[in-house]
Structure formats: structure tokens, C-alpha cells
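Novice:
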Amino acid sequence: MTKQSEADDIIWMVRGHLSDANSRGWQPAELFEDNKIRAEEILKAIRQSKIGWQLSKDQFPKDNYPRPDNYPATDKQSVPQIFSSGFTFLSEESADVVGQFDLGDGALYPTRLWRSDRITPMPGRHFYLNVASKKDAFLPEQSLGAKDISHGKWLVPLLPQKDTELWFADIVLNGPDLWFDPTIIDNFFISDRLKKALDSGKLSKDWMLTRCSVAVD
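Note that the numbering used here has the sequence shown beginning at 533, numbered continuously upward.
1) Note down, in chain order, each residue of its chain lying with its Cβ closer than 7 Å to the Cβ of Ala-669, except the 5 sequence neighbours on either side.
2) Do the CB positions of Gly-636 and Ala-664 come within less than 8 Å of each other?
3) Could you tell me the alpha carbon to alpha carbon distance between Lys-608 and Gln-580, rounded to whole angstroms?
4) What residues in its chain sit with their C-beta under 7 Å from that of Pro-642, if we drop five residues either side in the sequence?
5) If I follow the unbroken beta strand (DSSP E) through Ser-617, where does it start and stop?
6) Check whether the segment 558-576 and the segment 723-730 are in contact - that is, three or more C-beta pairs closer than 8 Å.
7) Which first and last residues belong to the beta strand (DSSP E) in which Ile-578 is found?
8) Rounded to a whole number of angstroms, what is the C-alpha to C-alpha distance between Phe-615 and Ser-626?
9) Between Ser-723 and Asp-738, is the Cβ-Cβ spacing less than 8 Å?
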């Protein structure tokens, strides 16, 4: 028989990088150029980053410009603590916190965001978040709200229902503080200690975190 032993035996599923509210129209500088080989390399890296591949710094673009077709203009919008434009980005406040924790095989890589004139930098520092560690621990038979897609892959709706309850084996309590579960599509997870640090800095709202239970003996 399993149970959730203590309040600290929990983890958190991240939804902020998937939310339309946190989507921003930044585009790698190389995609504005006529370099099909480099463009395909970047698009491949984006796909890999979404499923937890370990990527090197040179696989991420150094510069990002606003897409001209985006409305409202990307460089006129506030930059969330966590946001997506293909890759997952962090603002400097969240990156400073995350950088103090165990990323395992993952990493933070600096990048630059520019205003539409391509001369003026956006204020603050920004980073790519490469989540590359994995913990295979999801317990679908004890969980509610996840949809069985196929071949052992599960999808959690972006807006979980009130009765959504996700359970994981206690191996998630050890190791890196950010990771993917290979059976869960799109979402990654963070430890409770990292969540508390984000809370302390009043940064966690943009992360859109869903509490998950851990089954212990």
C-alpha cells in the first residue's frame, strides 16, 4: 500500500512554457536569413528540446528578433519569467534561482533579445532552459486526469480539471531538480525545493505549477 507521507513529498508539473499567455513572438536571427541548413538545425534543436534532449550551447541561437507579423508587437510586451518561442526561455530572476539547483544533464544558456530595430537590446538578461534529465516515475493506474495517447504516452490537459491528480513513484524525490518524465508529453517537472525558492522570489506565478503527489512506502 502506498501513501503520501508528508507535505514535502510532492513535486510540481510546469505548464507555463506551454501557455498561450506566455508565448512570445521571438525568432532566431538565423531564421531571418537565407540559410536553410542553419534554419533546419535550429528547428531540429527546438524539437529535441521539447522532449528532453541534452543540447550544447552552440545548438541554441545567440540572438532573437521580434517577428514582424506578431501582434501586439513582441518587444512591446512584458517578458514573463518563463516563456516559449519554440525554445523555452527564462528571465534573469528565474534563471538566477534555477541556476542554484541541480539541473542534472540540463543547462542554462544565455541569449539576447532585441527590439525591432535590431540595435536596442531588451532590458534584463535572458536564458534558454534546456531540461535534459529524465525520471520514469509516472503512476497512471493511481492518477486521474491524464489522457492515454498511445504506446505508453500520456497527455495532461493544459488546464487540468479539479479532479486531476497525478501520482509518481518516490524516485522523483532524488536527483536533479528539473526533469522530464518520458511517459508524459510536453510537460516537465520541478522539485518542491525549487518551487519554494521560486515562491520566495515571487516568481512562480508565470510557471503555472500543478501539484503532483508522490507515492511512498
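By construction, the Cβ of each residue, glycine as well, lies at the ideal position given by its N, Cα and C atoms.
Specialist: In brief:
1) Result list for Ala-669: Phe-700, Ala-701, Ile-703, Val-704 and Asp-713, in chain order.
2) For Gly-636 and Ala-664, yes; Cβs fall inside 8 Å.
3) Approximately 29 Å, taken between the alpha carbons.
4) Closer than 7 Å at the Cβ level, and outside the excluded window around Pro-642, lie Arg-657 and Phe-659.
5) That run of the beta strand (DSSP E) goes 614-617.
6) Segments in contact, no.
7) Boundaries around Ile-578 are those of the alpha helix (DSSP H), 568-581, since no beta strand (DSSP E) includes it.
8) Roughly 11 Å separates the two Cα atoms.
9) If you check the CB distance, Ser-723 and Asp-738 do not come in under 8 Å.
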